[in-house]
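Heads up: the structure comes next, in structure tokens.
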């Protein structure tokens, strides 16, 4: 069974601000805010729900197919995904837009200022799933996935995998039951 994951592909830019945002906001002047602050940390991470899920499945030993939209700047990210075991052959590459971005700055009090750029994700409607092959969207598919995950060998030296697997299987079963309940009518 081939697992196809559809959804967002993004790059996360996570910054840390050593001060407090509340010290920069002036009461009574919130109707015309213009802030600039110097951050002391920056992490750039692969993100996007579909890309993260596909990476997780690849780490479990599967070869998921990622379906989504990205920009021409996706080459390095795609190479990392492919290296992890994710098939990126079904990703639509936009000619004009960048890959989606999430920009987030966190202050010393853990408050956040964030912005999202949808970018190439806005072109996802152009993707045809016909090239991916038949898609099974039945509760039985969720049960098969749960059985597949349960049958995977435990990661060497990791006792943390078992509770994660149990949670994933339980969540999959709950979702399958909910889907059965809504389609039984």
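Numbering (my numbering), first residue to last: 1 to 185. Glycine residues also receive a C-beta, built at the ideal position from the N, C-alpha and C atoms. Please read these numbers as outputs of a predicted model, since none were measured by experiment.
Checklist entry - Under three-state DSSP, which class holds residue 110? => result It is coil, neither helix nor strand.
Checklist entry - Can you list the beta strand (DSSP E) stretches of 3 or more residues lying completely in the stretch 30–63, in chain order? => result For the stretch 30–63, whole beta strand (DSSP E) runs of length 3 or above, ordered along the chain, are 41–47.
Checklist entry - Does the beta-carbon distance from residue 90 to residue 65 come in below 8 Å? => result Less than 8 Å separates the beta-carbon of residue 90 from that of residue 65.
Item to check | Nearest residue (CA-CA) to residue 20, options 74, 75, 105 and 130 | outcome: Of 74, 75, 105 and 130, the residue nearest in Cα terms is 105.
Next on the checklist: Our contact map puts residue 58 next to residue 84 with C-beta atoms below 8 Å; I'd like the distance itself, whole angstroms only.
Outcome noted: With a Cβ gap of about 5 Å, residue 58 and residue 84 count as contacting.
Next on the checklist: residue 51 and residue 3 - do their beta-carbons sit closer together than 8 Å?
Outcome noted: For residue 3 and residue 51, no; Cβs fall outside 8 Å.
Item to check | Per DSSP, cross-strand counterpart(s) of residue 13 | outcome: For residue 13, which the question treats as bridged, DSSP gives the partners 44 and 103.
Next on the checklist: Let's test the definition: count the other Cβ atoms within 10 Å of the Cβ of residue 54 and tell me whether it reaches 16, buried, or not, exposed.
Outcome noted: So residue 54 counts as buried.
Item to check | Endpoints, the beta strand (DSSP E) within which residue 25 is located | outcome: Annotation: residue 25 is outside any beta strand (DSSP E) and is labelled neither H nor E by DSSP.
Checklist entry - According to DSSP, which residues form a beta bridge with residue 116? => result BP columns for residue 116 point to 102.
Item to check | Between the CA atoms of residue 36 and residue 25 - distance to the nearest angstrom | outcome: One C-alpha to the other measures close to 11 Å.
Checklist entry - Under a three-way DSSP split, which group does residue 129 fall into? => result Judged by DSSP in its simplified three-state form, residue 129 adopts helix.
Item to check | Closest Cα partner of residue 82 within the set 42, 62 and 16 | outcome: Of 42, 62 and 16, the residue nearest in Cα terms is 62.
Checklist entry - Thinking C-beta only, is residue 47 closer than 8 Å to residue 11? => result Taking 8 Å as the Cβ cut-off, residue 11 and residue 47 qualify as a contacting pair.
Checklist entry - Looking at residue 97 and residue 123, is the spacing between their C-beta atoms short of 8 Å? => result Yes, Cβ-Cβ distance for residue 123 and residue 97 is below 8 Å.
Checklist entry - Assuming residue 16 and residue 31 make a contact with CB atoms under 8 Å, what is their CB distance in whole Å? => result Wrong, their Cβ atoms sit about 28 Å apart, outside the cutoff.
Checklist entry - When the Cα of residue 108 is compared with those of 86, 38 and 27, which residue comes out closest? => result Comparing Cα positions, the closest option is 38.
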